[in-house]
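Below is one structure, written out as structure tokens; the observations come after it.
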Amino acid sequence: MSGGIAAYKAASLARGLVKAGATVQAVLTEHAAAFVGPPTFAGLTGRPAHTGVLTDAHRVLHVRLARETDVAVFAPATANLLAKLAHGLCDDLVTSVFMCLRCPVVLAPAMHTEMWAHPATRANLAVLRDRGATVVEPGEGALAGGDSGPGRLADEDELLEAVARALGTASGPLAGRRVLVTAGGTREPIDPVRFIGNRSSGKMGYALAAEAARRGARVDLVSGPSHLADPPGLRSVRRIETARQMRDAVMQLCDDADVVVKAAAVADFRPASYAAQKVKKDDEGFTGVPLERNPDILAELGRRKGHRVLVGFAAETDLAEERGREKLHRKGLDLIVVNRVDAPDAGFNVDTNRAVLLSAGGGRSEVALTSKAGLARVVWDRVESLLDETRPPAPADASTP
Ligand code: CTP
Numbered sequence: 000m001s002g003g004i005a006a007y008k009a010a011s012l013a014r015g016l017v018k019a020g021a022t023v024q025a026v027l028t029e030h031a032a033a034f035v036g037p038p039t040f041a042g043l044t045g046r047p048a049h050t051g052v053l054t055d056a057h058r059v060l061h062v063r064l065a066r067e068t069d070v071a072v073f074a075p076a077t078a079n080l081l082a083k084l085a086h087g088l089c090d091d092l093v094t095s096v097f098m099c100l101r102c103p104v105v106l107a108p109a110m111h112t113e114m115w116a117h118p119a120t121r122a123n124l125a126v127l128r129d130r131g132a133t134v135v136e137p138g139e140g141a142l143a144g145g146d147s148g149p150g151r152l153a154d155e156d157e158l159l160e161a162v163a164r165a166l167g168t169a170s171g172p173l174a175g176r177r178v179l180v181t182a183g184g185t186r187e188p189i190d191p192v193r194f195i196g197n198r199s200s201g202k203m204g205y206a207l208a209a210e211a212a213r214r215g216a217r218v219d220l221v222s223g224p225s226h227l228a229d230p231p232g233l234r235s236v237r238r239i240e241t242a243r244q245m246r247d248a249v250m251q252l253c254d255d256a257d258v259v260v261k262a263a264a265v266a267d268f269r270p271a272s273y274a275a276q277k278v279k280k281d282d283e284g285f286t287g288v289p290l291e292r293n294p295d296i297l298a299e300l301g302r303r304k305g306h307r308v309l310v311g312f313a314a315e316t317d318l319a320e321e322r323g324r325e326k327l328h329r330k331g332l333d334l335i336v337v338n339r340v341d342a343p344d345a346g347f348n349v350d351t352n353r354a355v356l357l358s359a360g361g362g363r364s365e366v367a368l369t370s371k372a373g374l375a376r377v378v379w380d381r382v383e384s385l386l387d388e389t390r391p392p393a394p395a396d397a398s399t400p
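So, in structure tokens, the structure goes:
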């Protein structure tokens with residue numbers, strides 16, 4: 000715990016974890032201890048709550064605590080704590096333990112809205128996410144001093160769920176499964192001002208990621224630019240811009256995935272060269288934007304498929320099913336979700352969708368007009384049966400932060 004008013008909620012979280020069967024070790028910063036006393040945590044957890052790095056110095060307390068830990072939860076994580084963690088400062092017990100951890104890390108930020116929105120906090124969170132930490136986003140509501148807004152510690156149930164997921168003990172039909180989802184469109188820069196992009200909003204991919212997390216999976220999301228907030232309960236969210244950045248992120252994350260769902264609308268082409276200075280309209284030398292091919296990420300995954308279940312999307316405006324079936328086979332997929340993107344109530348940037356699901360085994364099912372969350376549920380139902388047919392669940396997660 001670090002020093003914010005939400006420290007009082009950490010007491011209830013500690014109790015919830017003990018009730019769920021965990022052995023809980025409380026570690027408080029000096030400021031956290033000013034909000035809620037260590038005896039409260041000692042009473043709730045049945046173990047002494049630690050605050051000082053010099054306690055038990057001969058046994059190197061921070062190293063010992065980190066080694067004993069299966070999952071570390073920083074709740075509340077103040078703006079100050081996030082800054083320290085992102086930069087590797089270790090001037091107290093909480094930050095020193097963090098530096099020694101080799102287990103999953105769950106961060107539960109809580110702070111005033113201004114601090115939450117500050118670019119420094121955003122940048123620090125991006126660094127920590129990039130290193131594998133799960134961030135349980137704060138909610139909106141009453142804050143200290145009578146204020147109200149985003150920045151309030153996430154609900155206890157959400158935190159307990161994130162811990163269970165990090166431990167691989169979440170419940171649900173996808174518990175123990177590792178899922179990678181891509182979402183949104185990519186942007187291919189022409190110059191510092193302009194890019195080639197597409198109309199994808201990310202809504203379908205975010206709905207798929209959220210539904211997989213709800214079913215207990217450990218979910219990584221790789222997203223093109225989107226105005227949507229991170230879905231709750233994910234292990235990581237990486238935001239990228241270009242198809243090549245998406246490819247690199249997917250290749251890094253796919254190795255231990257059981258399922259990859261490629262809902263992203265990846266640009267097939269990019270400008271062959273990038274103009275470092277803005278192209279001016281009276282530039283005589285400007286003759287157009289020559290294009291070159293981007294890598295086909297899904298086809299590459301299909302070539303090195305291994306044990307993974309591969310799900311693709313086909314965004315079509317004509318001959319949808321025929322083209323979808325061709326993509327299913329050409330890209331080596333298990334399942335393809337074919338949707339029309341030329342209807343006003345389906346495809347890009349709307350909340351509804353309709354689709355035909357085609358599977359490698361010859362299966363075909365139609366999904367009538369529904370919400371994107373509804374289509375996500377149908378897709379995961381289908382993937383669950385594909386997994387059950389072929390692959391037993393993997394052992395609990397042992398990844399490092
Ligand atoms: N895809 C990908 N990498 C690309 C292009 C597409 O991974 N460079 C993936 C998409 O995420 C989607 C599937 O391939 O899951 C089909 O995308 P779509 O745009 O419908 O098809 P394309 O392969 O681009 O073919 P075409 O442009 O001929 O429709």
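Number 328 in numbering that gives the first Met the number 0 belongs to position 329 of the sequence shown; there are no gaps in the numbering.
Even glycine gets a Cβ: it sits at the ideal position worked out from N, Cα and C.
Practice task
Give me the Cα-Cα distance between SER95 and ASP247, rounded to the nearest whole angstrom.
Solution key: 32 Å
Handout entry: SER235 - partner residues in DSSP beta bridges
Key = Paired residues: ASP219.
Practice task
Output yes or no for whether 8 Å exceeds the beta carbon distance between ARG130 and GLY140.
Solution key: Taking 8 Å as the Cβ cut-off, ARG130 and GLY140 do not qualify as a contacting pair.
Problem - Contact set for ASP229: own chain, Cβ-Cβ below 7 Å, skip 5 residues either direction - result: GLU136, VAL236
Exercise for the section: Note down the Cα distance separating ARG128 from THR54, rounded to an integer number of angstroms. Expected result: 31 Å
Problem - For LYS261, the three-state DSSP class (helix, strand or coil) - result: Per DSSP, reduced to three states, the secondary structure at LYS261 is strand.
Practice task
May I have the straight-line CA-CA distance separating ALA165 from ASP219, to the nearest angstrom?
Solution key: Rounded to whole angstroms, ALA165 to ASP219 spans 12 Å at the Cα level.
Handout entry: Bounding residues of the alpha helix (DSSP H) (the contiguous stretch that carries GLU365)
Key = Where GLU365 is concerned, there is no enclosing alpha helix (DSSP H), although the beta strand (DSSP E) it sits in stretches over 363 to 370.
Handout entry: Counted within 10 angstroms of its Cβ, other Cβ atoms place GLY301 as buried (16 or more) or exposed
Key = GLY301 should be labelled buried.
Exercise for the section: Quick one: measure Cβ to Cβ for GLY51 and LEU92, integer angstroms, because I've assumed they're closer than 8 Å. Expected result: 6 Å
Exercise for the section: Could you tell me if the beta carbon of ALA182 falls within a distance shorter than 7 Å of some heavy atom in the ligand CTP? Expected result: no
Practice task
Kindly list the residues whose CB is nearer than 8 Å to the CB of VAL17, restricted to its own chain and excluding five residues on each side of it in sequence; keep chain order.
Solution key: The answer, listed in chain order, is VAL23, LEU43, THR44, GLY45.
Exercise for the section: Indicate, with yes or no, if the ligand CTP has a heavy atom lying under 7 Å from the CB of GLY42. Expected result: no
Practice task
Would you kindly work out how many angstroms separate the C-alpha atoms of MET374 and TYR205, rounded to a whole number?
Solution key: What sits at residue 374 in the sequence shown is Leu, not Met. Pairing LEU374 with TYR205, the inter-Cα distance amounts to about 12 Å.
Handout entry: At least 3 beta-carbon pairs within less than 8 Å: the segment 273 to 292 vs the segment 180 to 193
Key = Yes: the two stretches touch, three or more of their Cβ pairs being nearer than 8 Å.
Exercise for the section: Measure the C-alpha to C-alpha separation of LYS401 and ALA182 and round it to an integer number of angstroms. Expected result: There is no way to answer for residue 401, as the model of the chain reaches only from 0 to 400.
Exercise for the section: Could you tell me which residues DSSP pairs with GLY138 in its beta bridges? Expected result: ARG151
Handout entry: Endpoints, alpha helix (DSSP H) assigned at ARG329
Key = 319 to 329
Problem - Own chain residues within Cβ distance below 8 Å of ARG376, not counting five before or after - result: GLU210
Exercise for the section: Could you tell me if the beta carbon of LEU356 falls within a distance shorter than 7 Å of some heavy atom in the ligand CTP? Expected result: no
Problem - Sufficient close CB pairs (3 or more, under 8 Å) joining the segment 3 to 11 to the segment 58 to 77 - result: yes
Handout entry: Backbone CA spacing between CYS99 and VAL59 [nearest angstrom]
Key = 11 Å
Practice task
Give a yes or no on whether the C-beta atoms belonging to ARG339 and THR316 are separated by under 8 Å.
Solution key: yes
Practice task
Measure from the alpha carbon of ASP255 to the alpha carbon of each residue in ARG214, ALA298, GLU240, ARG303, then state which is nearest.
Solution key: ARG303
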